[in-house]
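Notes for the one structure printed next.
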Amino acid sequence: MIKMTKTSSIALAGAMALALTSAVPAMAAGDGPEIAKKKWSFSGPGGHFDKNQLQRGFQVYKEVCSTCHGIKRIAFRNLVQPGGPEFPEDGVRSLAATYKVDELDGNGKVVQRPARLSDRFPSPYKNEAEARSIHNGANPPDLSLIAKARGVDYTGPIWYHPVSMLKDVVTGYQEGGADYIYALMTGYKDNAPAYRRDATGKLTEVAETSIQRGDKTILRCVSVEKVAGKPDNCTAMADGMNYNMAFPGHQIGMAKPISDGQVKYTDGTAATVSNYSADMAAFASWAADPTHDQRKSLGWQVMLYLLVTSILLYVAKKRLWREVH
Amino acid sequence: MDQHESTYKPGSRTAKWWDERLPVMRMMHGQFVDFPTPRNLNYFWTFGGILTFCLAIQLVSGIVLAMHYIPSADLAFDSVERIRRDVNYGWLIRSMHAVGASMFFFAVYVHIFRGLYYGSYKAPREVLWIIGVLIYLVMMATAFLGYTLPWGQMSFWGATVITNFFSAIPLVGSTVVTWLWGGYSVTGTTLNRFYSLHYLLPFVIAGLVVLHIWALHVAGQNNPTGVEIKTKSDSVPMSPFAVMKDLFALGVFAMLFAWFVFYAPDYLGHADNYVEANPLVTPPHIVPEWYFLPFYAILRAVPSKLGGVVLMFAAVAILAFVSWLDTSRVRSTKYRPVYRWFFWLFVITCLALGYLGAKPAEGVYVFWARIFTFYYFAHFLLVMPIVGLIETPKPLPRSITEAVLGKGAGAGSPVAAAASPEKR
Ligand code: HEM
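Note that the protein sequences, when read in sequence, are chains A and B.
According to my numbering, the first sequence is numbered sequentially starting from 1.
According to my numbering, the second sequence is numbered sequentially starting from 326.
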């Protein structure tokens, strides 16, 4: 009888654990494109940022992305702090001085002064309307929280979903944002995929290499939809849009922002889009979570403390209950 | 157990002085030190203590957050980011509060299913159970209100969707919704009142918890056999026995809690809530927090809006009636060979509804949501009354002591042991 309680107890506990992990909405949608999980220096419980990578990421941001994207939640002083890019303070002080921020003078007039360490990065735009008018109606989001504001949808089979969720909990997978940014930056294609329509109206994807110049039967579609009793529907890319494998819906208002060799690294890292993307994704992850390293190192101390305390409590409980059972 | 007398002995003159004027120590001693607890409780009985811990964590972390949080449509989102970045250990407090809400619900679900499995809602614990259902209801309200505070996209659209339910009320629906919103849509005004209520309701919960424990200590704790305490050997004093076991369980629970706080703080949340609320952009999927998903599935399983809302509320309300819906003569499902299967079917149903609640309301998902919604209600309205009447329970142990130490131990002769499962 005792055995029975044990099994059902374990079953109930298991069911509850499953409920906790498997009902998570974040991964629920499941209709996004498949995005690979990369290994990051900051992955998992033991992870921490690589300051050289963050420095390179900041360089990419500064030289390329900052024309269109702000990082308004980051103050210049953050670039100096431990657990971040840890640039030398003097360098950051002079970097700050190259930015201008608004201030009221003694007469109540708005004047501009050079930024200080305590100031935050000024936005490249006065407001959203200005941003949209510059970018053909699209709004380049601020990048200081983007790594937390994006994630990766689960796309595998249903039966594996709970297992995958449990794996994410156990491994402390929190790098969906970084994986997405990497996939976005490396996911540009010159053209939407090519399809050929057969006599029945069905669209079949064809390899780029098999397309002849000037082939009129080729259609370029960002998405293909089956309609019962009718020819397949091809959605062509809208004007001014770019094809991207990772972006939901595949057409994005941002043109491919960076190409090989565009940013000159000084530490010997190869100047490839793949490296730029990884470095930028790491930088964005730090910008969204500047206390990340502190969190994970304090975490071990707390876990260890709780573990030892629990073991002691267990021993005490066992001894105490020996008289009863 | 109401007859239980405190064995408190004032240890000093001051204590004696107090005891003659306000015997709180005597009461606390009687209720939490030498209070008799069944000696056969398993670890599912540690969740009450764990829940008290959760409430304390939410209160303390919440009060600290409130020192830095700004309830305004323009500043709320930024103020939470400031807490995460600039307040000393703000990231920790914020993470404890957000993860804490999920842990609270995890614990309350274990606690509720424990009660359902062992028949803890049956006489004489009906009032105790109903107060529990009320706590659960107020918890849901508190969590919903709290989730709007960071003013992200899910906060805003979640609040919009949920408050819109009330528009389904015939005749006065839209008036009620306008009144809830304090305007014609969810705005900063709504945020302000939600904040006020979010600060208030946890204290209502604390009050209900006091009543809950009071009612518990009148009826005494149920236990895995469902057989009441009969003699002294059936129980052990709460301190140190139950207290030590509770502390150990709390330590393990705290590790689970800490794992999420430190290593997966965003796992239980939604990425869209790191995008500031924007009334002009609707997110592609509006989904509530995981602990509401089964109810969300029920809501969307019904083709009519009013019907969906009614069923959703009924799904919670029906819990208050199980004491009378269950006709079984024995409490514990352990001794119910037929009902046991239905119990697990019910657990699977709740998990399935949770899964479906996270899926878009279309195609096969709706079909299955309907099937499981049907079983959800059938479990209470058909299975509980009917199985209780037709099932022959397994023989109950004669006493708790016998269940622990085997036949022949404890009160009475072992011969009669198998003969009395009908005892109500
Ligand atoms: C029954 C206990 C409570 C529950 C279940 C609860 C639940 C929640 C939830 C789900 C959030 C949203 C967290 C997020 O996603 O960011 C939240 C936020 C908040 N809560 Fe509570 N809460 C409780 C008690 C309290 C108390 C007692 C206070 C203060 C007196 C409080 C103050 C706050 C504040 C200021 C926020 C906004 C800051 C933030 O979002 O991190 N809460 N609460």
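Beta carbons: idealized from backbone N, C-alpha and C, even for Gly.
Problem set entry | Rounded C-alpha distance that separates Met-27 (chain A) from Leu-453 (chain B) | The residue given as residue 27 (chain A) occupies position 27 in the first sequence. The residue given as residue 453 (chain B) occupies position 128 in the second sequence. Only weak support exists for where Met-27 (chain A) lies, its pLDDT of 37 falling under 50; the value from the coordinates is given anyway. Between Met-27 (chain A) and Leu-453 (chain B), the C-alpha separation is close to 37 Å.
For this session: Helix, strand or coil for Pro-685 (chain B), going by three-state DSSP, please let me know.
Result: Counted from its first residue, the second sequence places residue 685 (chain B) at position 360. Judged by DSSP in its simplified three-state form, Pro-685 (chain B) adopts coil rather than helix or strand.
For this session: State the DSSP-derived secondary structure class of Ala-194 (chain A), mapped to helix, strand or coil.
Result: Here residue 194 (chain A) is taken as the residue at index 194 of the first sequence, counted from 1. The answer is strand: DSSP assigns Ala-194 (chain A) an E or B state.
For this session: Compute the distance between the beta-carbons of Ile-71 (chain A) and Asp-179 (chain A), then report whether it is under 8 Å.
Result: Here residue 71 (chain A) corresponds to residue number 71 of the first sequence, with the count starting at 1. Here residue 179 (chain A) corresponds to residue number 179 of the first sequence, with the count starting at 1. For the pair Ile-71 (chain A) and Asp-179 (chain A), the CB atoms are not nearer than the 8 Å cut-off.
For this session: Check the C-beta distance from Val-474 (chain B) over to Ala-401 (chain B) and give it rounded, since I have them as a contact under 8 Å.
Result: The sequence position of residue 474 (chain B) within the second sequence is 149, counting from 1. The sequence position of residue 401 (chain B) within the second sequence is 76, counting from 1. Reading off the sequence, residue 474 (chain B) comes out as Leu, not Val. In this structure Leu-474 (chain B) touches Ala-401 (chain B) by the C-beta definition: roughly 7 Å separates them, less than 8 Å.
For this session: Please list, in chain order, all residues of the same chain as Pro-619 (chain B) whose beta carbon is under 7 Å from its beta carbon, the five residues on each side excluded.
Result: For this step, residue 619 (chain B) is matched to residue 294 along the second sequence. Cβ neighbours of Pro-619 (chain B) within its own chain (closer than 7 Å, five residues either side excluded): Cys-675, Leu-678, Gly-679 and Gly-682.
Exercise. Can you name, in chain order, every residue of its own chain whose Cβ lies under 6 Å from the Cβ of Arg-319 (chain A), other than the five neighbours on each side?
Worked result: One-based indexing of the first sequence puts residue 319 (chain A) at position 319. So no residue of the chain qualifies.
Problem set entry | First and last residue of the uninterrupted beta strand (DSSP E) at Lys-100 (chain A) | Residue mapping note: residue 100 (chain A) aligns to position 100 of the first sequence, counting from 1. 100-104 is the extent of the beta strand (DSSP E) around Lys-100 (chain A).
Problem set entry | DSSP state of Val-110 (chain A) mapped onto helix, strand, coil | In the first sequence, residue 110 (chain A) corresponds to position 110, counting from 1. DSSP places Val-110 (chain A) in strand when its eight states are reduced to three.
Problem set entry | At least three beta-carbon pairs within less than 8 Å, the segment 233-241 of chain A to the segment 207-225 of chain A | Contact between the segment 233-241 of chain A and the segment 207-225 of chain A is present, with at least three C-beta pairs closer than 8 Å.
Problem set entry | Range covered by the alpha helix (DSSP H) that runs through Thr-339 (chain B) | Here the question's residue 339 (chain B) lines up with position 14 in the second sequence. Segment 338-346, the alpha helix (DSSP H) holding Thr-339 (chain B).
For this session: Could you have a look at Lys-62 (chain A) and say whether DSSP puts it in helix, strand or coil?
Result: The residue labelled residue 62 (chain A) in the question sits at position 62 within the first sequence. In this structure, Lys-62 (chain A) counts as helix in the three-state DSSP scheme.
Exercise. With 16 as the cutoff for other CB atoms within 10 Å, does Val-106 (chain A) come out buried or exposed?
Worked result: In the first sequence, counting from the first residue as 1, residue 106 (chain A) sits at position 106. For the record, residue 106 (chain A) in the displayed sequence is Gly; it is not Val. Classification of Gly-106 (chain A): exposed, given that the 10 Å Cβ count is below 16.
Exercise. Going straight from the alpha carbon of Phe-697 (chain B) to that of Tyr-160 (chain A), what length do you get?
Worked result: Sequence index remark: in the second sequence, residue 697 (chain B) carries index 372 (1-based). Sequence index remark: in the first sequence, residue 160 (chain A) carries index 160 (1-based). The straight-line gap from Cα to Cα measures roughly 21 Å.
For this session: Kindly say whether Gln-174 (chain A), judged by its beta-carbon, lies nearer than 8 Å to any beta-carbon of chain B.
Result: On the first sequence, residue 174 (chain A) is found 174 positions in, with the first residue counted as 1. Yes, contact with chain B.
Problem set entry | C-beta neighbour in chain B for Thr-235 (chain A), strict 8 Å | Here residue 235 (chain A) refers to the residue found at position 235 of the first sequence. Answer no: the Cβ-Cβ gap between Thr-235 (chain A) and chain B never drops below 8 Å.
For this session: Could you check which residue in A:Phe-76, A:Met-165 and A:His-135 has the C-alpha nearest to that of Tyr-592 (chain B)?
Result: The residue you call residue 592 (chain B) lines up with position 267 of the second sequence. Comparing Cα positions, the closest option is A:Met-165.
Problem set entry | Other residues of its chain near Lys-719 (chain B): CB distance less than 7 Å, five sequence neighbours each side excluded | Counting from 1 along the second sequence, the entry for residue 719 (chain B) is found at position 394. Excluding sequence neighbours, Lys-719 (chain B) sits near Tyr-660 and Pro-662.
For this session: Just the C-alpha distance for Ser-259 (chain A) and Asn-275 (chain A), rounded to the nearest angstrom, thanks.
Result: For the purposes of this step, residue 259 (chain A) is taken as the residue at position 259 of the first sequence. For the purposes of this step, residue 275 (chain A) is taken as the residue at position 275 of the first sequence. Cα-Cα distance, rounded: 11 Å.
For this session: Identify the continuous beta strand (DSSP E) that holds Asn-233 (chain A) and give its terminal residues.
Result: Mapped onto the first sequence, residue 233 (chain A) falls at position 233. Its beta strand (DSSP E) spans residues 233-235.
Exercise. Taking C-alpha atoms, which residue in A:Lys-256, A:Ala-207, A:Leu-203 and A:Gly-214 lies nearest to Pro-231 (chain A)?
Worked result: By 1-based counting over the first sequence, the position of residue 231 (chain A) is 231. Taking only the C-alpha atoms, the option nearest Pro-231 (chain A) is A:Leu-203.
For this session: Return no unless some Cβ of chain A is closer than 8 Å to the Cβ of Leu-572 (chain B).
Result: Position 247 of the second sequence, counted from the start, is the residue given in the question as residue 572 (chain B). Closer than 8 Å to some Cβ of chain A, the Cβ of Leu-572 (chain B) qualifies, so yes.
For this session: Using a Cβ cut-off of 7 Å, pull out every chain B residue sitting near Val-227 (chain A), in sequence order please.
Result: If you number the first sequence from 1, residue 227 (chain A) lands on position 227. By Cβ distance, chain B contributes nothing, its closest Cβ being about 16 Å from Val-227 (chain A), past 7 Å.
Exercise. Can you find at least 3 beta carbon pairs, one from the segment 523-541 of chain B and one from the segment 446-462 of chain B, that sit closer than 8 Å?
Worked result: With a cut-off of 8 Å on Cβ pairs, the segment 523-541 of chain B is in contact with the segment 446-462 of chain B, counting three or more such pairs.
Exercise. Using the beta-carbon count (16 or more within 10 Å), is Glu-601 (chain B) buried or exposed?
Worked result: Walking along the second sequence from the start, residue 601 (chain B) turns up at place 276. A residue is called buried once 16 or more other Cβ atoms fall within 10 Å of its Cβ, and Glu-601 (chain B) is buried on that count.
Problem set entry | Cβ shell of Glu-451 (chain B) (< 7 Å), same chain only, five flanking positions each side left out | Your numbering for residue 451 (chain B) matches position 126 in the second sequence. Spatial neighbours of Glu-451 (chain B) in its own chain (CB-CB distance under 7 Å, excluding positions within 5 residues in sequence) are listed in chain order as Ser-648.
For this session: Identify, in the order they occur along the chain, each residue of the same chain with its Cβ nearer than 8 Å to the Cβ of Ala-282 (chain A), setting aside the five sequence neighbours on each side.
Result: As a working mapping, residue 282 (chain A) is identified with position 282 in the first sequence. Sequence-distant partners of Ala-282 (chain A) (beyond 5 residues in either direction) whose C-beta falls short of 8 Å from its own C-beta, in its chain, are Trp-40, Ser-41, Phe-42, Phe-49, Asp-50, Gln-53, Leu-54, Gly-57 and Ala-178.
For this session: Using alpha carbons as the reference points, say which of B:Val-405, B:Val-708 and B:Pro-609 lies closest to Leu-390 (chain B).
Result: Your numbering for residue 390 (chain B) matches position 65 in the second sequence. Comparing Cα-Cα distances from Leu-390 (chain B) to each of B:Val-405, B:Val-708 and B:Pro-609, the minimum goes to B:Val-405.
Problem set entry | Min CB distance Asp-119 (chain A) to chain B below 8 Å | Locating residue 119 (chain A) in the first sequence gives position 119, counting from the first residue. For Asp-119 (chain A), the answer is no, since every Cβ of chain B falls outside 8 Å of its Cβ.
Problem set entry | His-69 (chain A) at chain B interface by Cβ criterion, 8 Å | Indexing the first sequence from 1 puts residue 69 (chain A) at position 69. Closer than 8 Å: no.
For this session: Closer than 6 Å by C-beta to Ala-183 (chain A): which residues in its own chain qualify, once you throw out the five before and the five after it? Chain order, please.
Result: Counting from one through the first sequence, the residue named residue 183 (chain A) turns up at place 183. Leaving aside the five residues that flank Ala-183 (chain A) on each side, the residues in its chain whose CB is nearer than 6 Å to its CB run, in chain order, Ile-35 and Ala-246.
Exercise. What residues of chain B sit near Pro-45 (chain A), judged by a beta carbon separation below 8 Å?
Worked result: On the first sequence, residue 45 (chain A) is found 45 positions in, with the first residue counted as 1. What Pro-45 (chain A) touches in chain B: Phe-587 and Tyr-588.
Exercise. So which of A:Gln-294, A:Val-302, A:Ala-287 and A:Leu-298 has the shortest CA-CA distance to Leu-333 (chain A)?
Worked result: The requested residue 333 (chain A) is not part of the displayed model; chain A covers only 1 to 325.
Problem set entry | Three-state secondary structure assigned by DSSP to Tyr-520 (chain B) | What you label residue 520 (chain B) is simply residue 195 of the second sequence in a count that begins at 1. The answer is helix: DSSP assigns Tyr-520 (chain B) an H, G or I state.
Exercise. What residue ranges within the segment 535-577 of chain B form continuous beta strand (DSSP E) runs of no fewer than 3 residues, ordered along the chain?
Worked result: The segment 535-577 of chain B contains these whole beta strand (DSSP E) runs: 560-562.
Exercise. Around the Cβ of Thr-21 (chain A), are there at least 16 other Cβ atoms within 10 angstroms (buried) or fewer (exposed)?
Worked result: Numbered from 1 along the first sequence, position 21 holds the residue referred to as residue 21 (chain A). Since pLDDT at Thr-21 (chain A) reaches only 49, below the 50 mark, its modelled position is unreliable, and the value read off the structure follows with that caveat. Flag for Thr-21 (chain A) reads buried.
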